[in-house]
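Data first, discussion second: the structure below is written as structure tokens.
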Amino acid sequence: MANATAEIIWLEQLLAELGVKMSRTSILWCDNLGATYLSANPVFHARAKHIEIDFHFVRERVLKKQLQVRLISTKDQVADGFTKALPVAKFNEFIHNLNLSSG
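Residue numbers for the sequence shown follow this note's numbering, beginning at 6 and rising by one.
Below, the structure written as structure tokens:
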């Protein structure tokens, strides 16, 4: 989540330099329920045995309302098409959703 947050910050800064104004808070979709809860609700912090410094970076942005972290089902995670080998049916769905298929 921290790496994705850093990339979101970079994109927001790039868009600002290009004169594009952000009308909404950026959303980071995460398929880890625990990480989603920890990023949004400080109460869960006491239940976590170990939280890495990177996670505090994400939580800080969430608390400042500069980032929203939302849950997405693992089966709907679009990033998997770019990062993992997929079964043929799932790969075909992926390329169709990106309008990369010819049919």
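Don't be surprised by glycine CBs; every beta carbon is placed ideally from N, CA and C.
Here the structure is a predicted model, which means the values were calculated and not measured.
{"query": "Would you call the segment 66-83 in contact with the segment 35-49, where contact means no fewer than 3 C-beta pairs closer than 8 Å?", "result": "yes"}
{"query": "Can you say whether L23 is buried or exposed, counting buried as having 16 or more other CB atoms within 10 angstroms of its CB?", "result": "exposed"}
{"query": "For the putative contact between E17 and S31, defined by C-beta atoms under 8 Å, what is the C-beta separation to the nearest angstrom?", "result": "7 Å"}
{"query": "Grab me the residues of A9's own chain with a C-beta within less than 7 Å of its C-beta, minus the 5 sequence neighbours each way, in chain order.", "result": "L33"}
{"query": "Do R64 and S44 have their beta-carbon atoms positioned less than 8 Å apart in this structure?", "result": "yes"}
{"query": "In or out: V83 buried (at least 16 other Cβ within 10 Å) or exposed?", "result": "exposed"}
{"query": "Distance, Cα to Cα, K70 vs D85?", "result": "27 Å"}
{"query": "Buried or exposed for V93, please, with buried defined as at least 16 other CB atoms from any protein chain shown within 10 angstroms of its CB.", "result": "exposed"}
{"query": "Hey, D59 and A7 are a contact pair by Cβ (cut 8 Å); roughly how many whole angstroms apart?", "result": "3 Å"}
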